[in-house]
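In this text, residue positions in the sequence shown follow the UniProt record's numbering: the first is 1, and each later residue adds one. Have a look at the structure below, then the notes.
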Amino acid sequence: MTKQFHDNVLSDDALDQLFHEARSYNGWLDKPVSDEQIRAIYELMKMGPTSANMQPARIVWAKSAEAKQKLSDLASEGNKTKIETAPVVAIIGYDIDFHEHLPWLFPHTDAKSWFEGDEAGREQGAFRNSSLQGAYLMFAARALGLDCGPMSGFDNAAVDKAFFADQPRVRSNFICGIGYGDASTIFDRSPRPDFDRFNTIA
Numbered sequence: 001m002t003k004q005f006h007d008n009v010l011s012d013d014a015l016d017q018l019f020h021e022a023r024s025y026n027g028w029l030d031k032p033v034s035d036e037q038i039r040a041i042y043e044l045m046k047m048g049p050t051s052a053n054m055q056p057a058r059i060v061w062a063k064s065a066e067a068k069q070k071l072s073d074l075a076s077e078g079n080k081t082k083i084e085t086a087p088v089v090a091i092i093g094y095d096i097d098f099h100e101h102l103p104w105l106f107p108h109t110d111a112k113s114w115f116e117g118d119e120a121g122r123e124q125g126a127f128r129n130s131s132l133q134g135a136y137l138m139f140a141a142r143a144l145g146l147d148c149g150p151m152s153g154f155d156n157a158a159v160d161k162a163f164f165a166d167q168p169r170v171r172s173n174f175i176c177g178i179g180y181g182d183a184s185t186i187f188d189r190s191p192r193p194d195f196d197r198f199n200t201i202a
């Protein structure tokens, strides 16, 4: 299917792994995710584009039983088991004061001055771009042979206090279980719309 395009297009097997056959898992096989795998996910994730290379995502990787239990206690009932049984759960947050790092992250110009004095604008930009980074995280994990289970359904303020207390300008966005998905815990894929339903080429 992809051979009609440029020679550099990923193979159909790779596209299946990232998109066509990938699923959001509700349960996990009893198989660990290593610290080396976590670091490899981040090394890929950070290469995805963000506005002015702001890189606002701040991530806590809840891997220990204690950390996962603490997170589970702050989640909705339907997410508790998903959190407790995942090998690791990434808590994707965003730094409202990301602009303090722009002098080294985006040294081409004085980008820090673009955001000074505009906290509402910074929060909007940080939320948007950390959402992008959370998506990059999921595709990085899939590219490395892992599965994902993204979730909302938790007390954001409580999670901020519990996991980002040392970074008081960080706010949680969403969480994502990472591991080896148990296919018995998912249902048939929900419908995906055809191009013409929600798209216009102008």
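From the three backbone atoms N, C-alpha and C, an ideal C-beta is built for every residue, glycine too. None of the values given here were measured: they were computed from a predicted structure.
Endpoints, beta strand (DSSP E) assigned at residue i
{"i": "V60", "result": "A57 to A62"}
C-beta contact flag for residue i and residue j at 9 Å
{"i": "M45", "j": "A57", "result": "yes"}
{"i": "I83", "j": "L137", "result": "no"}
{"i": "A86", "j": "G145", "result": "no"}
{"i": "residue 203", "j": "Q55", "result": "Given a span of 1 to 202 for the chain in the structure shown, any question on residue 203 remains unanswerable."}
{"i": "A52", "j": "R142", "result": "no"}
{"i": "G48", "j": "A183", "result": "no"}
{"i": "V170", "j": "D110", "result": "no"}
{"i": "residue 205", "j": "Y42", "result": "This structure does not reach residue 205, given that the chain is present from 1 up to 202, and the question cannot be answered."}
{"i": "D139", "j": "L10", "result": "It should be noted that the sequence gives Phe, not Asp, for residue 139. Going by C-beta atoms, F139 is not nearer than 9 Å to L10."}
Three-state secondary structure assigned by DSSP to residue i
{"i": "S190", "result": "coil"}
{"i": "S184", "result": "helix"}
N-terminal and C-terminal residue of the alpha helix (DSSP H) that residue i is part of
{"i": "F19", "result": "No alpha helix (DSSP H) holds F19; DSSP gives it neither H nor E."}
{"i": "D7", "result": "Element bounds for D7: n/a, residue is neither H nor E."}
Assumed close pair residue i, residue j - CB separation to whole angstroms, cut-off 8 Å
{"i": "R122", "j": "H99", "result": "6 Å"}
Hey, which unbroken runs of the beta strand (DSSP E) at 3 residues or more fall wholly within the UniProt domain "Nitroreductase" (28-180)?
57-62, 88-95, 147-151 and 170-179
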